[in-house]
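A.B. asks: In my numbering, the protein residues as written are 590 to 816. A virtual CB, placed ideally from N, CA and C, is assigned to each residue, including glycine. Owing to the predicted nature of the structure, the values given are computational and were not obtained by experimental measurement.
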């Protein structure tokens, strides 16, 4: 038994979209995770980062019963850091906001208070993710994909697989945080929370140029593959 369900590592990554696997041999790898606080699927993504070029390597969704398998698979990939769309180190006495959320709110991010039932469930999952990757020595950074998309003047409403896109945005954001830090706005204080990235990051990763992010934007980079 584990924090995410009753499954055991089996290599099943659920519904998956994948680009050319050879690209994994080049650049530094960053992962994104969009956990669910309920029964819906989780999103996972891996991007490869080279100077001036961000490439989406793989993205997939996992049912709650298969989440641990996906997390174990990610933990075994040599990723440099992981971006998580969830609070990852919330203390019981933290109250509705940490200093990082208050700073992000002042900068225009739209966040939910931590003491709501849904955010409390999400925080528990975020803490479990943090512990897993902490054991592997992999840094964890919190992300807020909705605010990041807003900073790119984009919307994710046209992309029906919300968890998948949020995982991709989280992977891109954490990659930019380490590779091009001047292009990223992150709130500090109790956490590191990325809430904005410069528009050129979106262009480098193929996510800019339109007011919405349609499915074709991702499909032009990824080839859908069912497993």
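(1) Reducing DSSP to helix, strand and coil, say where residue 626 ends up.
(2) Counting C-beta neighbours from all protein chains within 10 Å, is the total for residue 714 16 or more, i.e. buried, or is it exposed?
(3) Terminal residues of the continuous alpha helix (DSSP H) containing residue 661?
(4) Is it the case that the Cβ atoms of residue 783 and residue 766 are separated by a distance below 8 Å?
(5) Rounded to whole angstroms, what is the Cα-Cα separation between residue 651 and residue 710?
(6) Using a Cβ-Cβ cut-off of 7 Å (strictly less than) and excluding sequence neighbours within five positions of residue 688, which residues of its own chain qualify?
(7) Within 10 angstroms of the Cβ of residue 759, are there 16 or more other Cβ atoms? Answer buried if so, exposed if not.
(8) Alpha carbon to alpha carbon, how far is residue 723 from residue 729?
(9) Apply the 10 Å Cβ neighbour rule to residue 742 and answer buried if 16 or more other Cβ atoms are within range, or exposed otherwise.
(10) For residue 690 and residue 776, what's the separation of their Cα atoms in angstroms?
(11) Bridge partners for residue 672 per DSSP, in chain order?
(12) Could you check the C-alpha separation between residue 725 and residue 620 for me, to the nearest Å?
(13) Do the CB positions of residue 785 and residue 737 come within less than 8 Å of each other?
(14) CA-CA distance, residue 788 and residue 740?
C.D. replies: On the basis of the supplied data:
(1) coil
(2) Residue environment for residue 714: buried (at least 16 other C-beta atoms within 10 angstroms of its C-beta).
(3) 656-664
(4) yes
(5) Their backbone Cα atoms lie some 18 Å apart in a straight line.
(6) Hits under 7 Å: 778 and 779.
(7) buried
(8) 8 Å
(9) exposed
(10) 7 Å
(11) 621 and 730
(12) 14 Å
(13) yes
(14) 7 Å
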